[in-house]
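Reading through the C-alpha cells given below for one structure.
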Amino acid sequence: MKRTRLLWKARALYLPYVLLDAIENRRAKAAVRRFLVLRHSGKSPYFHNYFLQWLEKEAPDMRARFELRLLPCRNCDFSRYVLHIPWFQDPAEDWMTRSAFRRAIQIAARCRQMGIPVINPIDRLSNATKSVGARIMAEAGVRTPKIRVIQRPETFRQDLAGLALPLLVRQDRGHGGPTFLVRSRADVDAIPFGRLRNPIAVEFIEGSSPRDGLYRKYRYLAAGEIGVPRHLMISSHWEVREKQRIVNHSTRDEEIAYLDGPDPNHARLQAARRAMGLDWVAFDYSYDPEGRLVVWEANPYPSLRYPQGEVLCYSAPFVHRSYAAMAKMYLTRAGLPVPSRLEKLLENVAGYPLGAAAPCREQENKVPARVAA
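If you count the sequence shown from 1, position 365 lands on 1290 in my numbering, and the numbers rise without skipping.
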C-alpha cells in the first residue's frame, strides 16, 4: 500500500519536478564534464538541496557540473558524464517499484561499462541494513551489538532470540524508527509487532559514562577516504536523539572538541566503509563504560541540514566542512581538481579552528544565529 501511494505521488509530481530540474540544469549547459545526479520524484528528490545551495556559493564552477535527473532518466547522453551520483534513500528496494529499481541498476551498469564511477551504487545500499551492516562491520573488526532477526513474534516471546536481557527491538531497515527497550519478558507483550517492518532484536550494550552517567552518540561521516566528525549528542536517556539532547556550556565545549579534530576511530570506521562497499556513509557509535567502541548502525543517506535554532548555531561551521568533504569525494572520484578553498576547509580534518565557535558560547541562554567562519 505504501509503495502504491508513493508511485502515484511520483507520477503526480514528475512533470513539475522535471520542469524545476530543467531550470536548475541551465547552469550545467556550459559544463563539458558533468555529474549525473539521479533521484526519484516520489521520494525526497531535493533532500540534498542544502548541499547544492552551499556549492552555489562556495564552488559555483563545481555546482555547474550537477545535472539533476529523475528516474526513469530516458535519453541520457552518457558521453558527457564523468560521475554518477544516485541520491536514493536506503534501502531503495523497500520503497521503489521493481521497474524503477531495475532502471536505476541499468543506469549504474551503463555508467560502469563506460568507465564512469558510481557513488554508493544502489545495489549496495542494503549493506547498511542493521543486521547485514552489523555482520559486515564485525567481520571487518569493528565491534557491533549482536542482532537477531525476529521471524515470528510469538517465538521471540518465548526464547528472546537467544539474547540476554536487557535488549532492544528495532526495525532492521531504514532509519529513525521506534526503538523498544526490553528489560523483562513482560515488556515484550507491549511491543506493537504488527506496526514494525522487519523487526530485529539487538543486544543492549550499556553506554552511559562512568564519569557523569550520561549517554553519548558520536557520528563519523566517511566521504571516500576522508572522514570528518559530524556531531556528538549527549543525553540522560539511553536512546540518544535530537529531542533529548542536553545543550549547555559543558556539552557544547565537548562537542566542539570532538568536531574540531580527526575522529580517533577513523582507521577502523574506514575499514568498515570499504567492507560495506560504500563511498558515502555515516557511522553512529558510542563507548561502553570500559571505553570500548560500539558502532550501532551505518547510514548511507545521512541528513546534512544546518543545525535548527540558535542554540546549536556553534556547529554550523562543521556542517560546512561536511559539505566540503562530500564535494571533495565527488571531484576526486571524477578525476577532477579540488579547489583550494575546499582543501582549506579540510586541512587536518579540522576545517575551522575552535575559536570560530566562541561567539556562540558568550551567553548562557541566548546565542547569535550565525557564527563567523
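The beta carbon of each residue, even a glycine, is placed where N, CA and C say it ideally should be.
Keep in mind that this is a model prediction, so the values were computed, not measured.
#### Entry: Same chain, Cβ closer than 8 Å to Phe1013, neighbours up to 5 away in sequence not counted
Leu963, Arg964, His965, Lys968, Met1021, Ala1029, Ile1047, Leu1050 and Tyr1226
### Task
Would you kindly check if the distance between the Cβ of Asp1204 and the Cβ of Arg894 is under 9 Å?
Nothing can be reported for residue 894, as the shown portion of the chain is limited to 926 through 1298.
### Query
According to DSSP, is His1009 helix, strand or coil?
strand
### Query
Any idea what DSSP makes of His1245, helix, strand or coil?
helix
### Query
Would a check of beta-carbon distances place Leu932 closer than 9 Å to chain C?
This model lacks chain C altogether; it includes just one protein chain.
### Task
Thinking Ile1044 and Phe1003 are a contact (beta carbons under 8 Å), I'd like their distance in whole angstroms, please.
The pair is not a contact, with the Cβ atoms about 16 Å apart (cut-off 8 Å).
#### Entry: Alpha-carbon to alpha-carbon, Arg1108 and Pro1091
4 Å
### Task
Consult DSSP for His1156 and reduce its assignment to one of helix, strand or coil.
strand
### Task
State the Cα-Cα distance for the pair Phe1026 and Leu1008, rounded to the nearest angstrom.
19 Å
### Message
Run through the DSSP bridge pairs and tell me what Phe991 is partnered with.
### Response
Phe960
### Sequence-distant residues of the same chain with beta carbon closer than 6 Å to Val1172, five excluded per side
Val1236
### Query
How about the segment 1180-1197 and the segment 1111-1127: do they share at least three Cβ pairs that are nearer than 8 Å?
no
### Contacts around His1162, its chain only, beta-carbon distance under 7 Å, and the 5 residues preceding and following it disregarded
Tyr1140 and Gln1169
### Query
Which partner residues does Val1219 have in the DSSP bridge list?
Ser1211
### Task
Would you list, in sequence order, the uninterrupted beta strand (DSSP E) runs of no fewer than 3 residues that lie entirely inside the segment 1087-1116?
1092-1096 and 1105-1107
### Message
Suppose contacts are defined by Cβ-Cβ distances below 9 Å. Is Val1113 in contact with Arg1144 by that definition?
### Response
no
#### Entry: Reference Pro1070, options Thr1080, Glu1079, Gln1076 and Arg1095, closest by Cα
Arg1095
### Which of helix, strand or coil DSSP assigns to Trp979
helix
### Query
Tell me, which residues are paired with Ala1126 by DSSP?
Arg1073 and Val1094
### Query
For Ser1024, which residues does DSSP report across the bridge?
BP columns for Ser1024 are empty, so no partner.
### Endpoints, the alpha helix (DSSP H) within which Arg1177 is located
His1174 to Leu1184
### Task
Compare the C-alpha of Ser1160 against each of Ala1111, Ser1211, Arg1193 and Ala1250 and name the closest.
Ser1211
### Query
What beta strand (DSSP E) runs, 3 residues minimum, are completely inside the segment 1015-1067?
none
### Task
Assuming Leu1146 and Ser1247 form a contact by the criterion Cβ under 8 Å, report the distance between their Cβ atoms to the nearest whole angstrom.
6 Å
### Message
Excluding the 5 residues flanking Ala953 on each side, which residues of the same chain have their C-beta closer than 7 Å to its C-beta?
### Response
Arg959, Ala989, Arg990, Phe991 and Glu992
### Query
Span of the beta strand (DSSP E) holding Arg1141?
Tyr1140 to Ala1148
### Query
Given Leu1270, which residues of its chain have a CB within under 7 Å of its CB, disregarding the five upstream and five downstream residues?
His1245, Arg1246, Ala1249 and Gly1276
### Query
Shortest alpha-carbon distance to Ser1134 belongs to which of Ala1033, Val1206 and Arg1217?
Arg1217
### Query
Whose CA, out of Glu1131, Glu1272 and Ala1223, lies closest to the CA of Asp1213?
Glu1131
### Message
If I measure Cβ to Cβ from Glu1222 and keep anything under 7 Å in the same chain, skipping five residues before and after, which residues do I get?
### Response
Lys1055, Gly1058 and Asp1209
### Task
Could you tell me the boundaries of the alpha helix (DSSP H) in which Ile948 lies?
Lys927 to Glu949
### Query
Just the Cα atoms here: how many angstroms apart are Pro1154 and Leu1229?
12 Å
### Query
Residue range of the alpha helix (DSSP H) that Gln1195 falls in?
His1191 to Met1201
### Query
Buried or exposed: Lys927, going by 16 or more other Cβ atoms within 10 Å of its Cβ?
exposed
### Query
To the nearest angstrom, how far is it from the Cα of Ala935 to the Cα of Arg1177?
41 Å
### Message
Using the three-state DSSP reduction, which class does Asn974 fall into: helix, strand or coil?
### Response
helix
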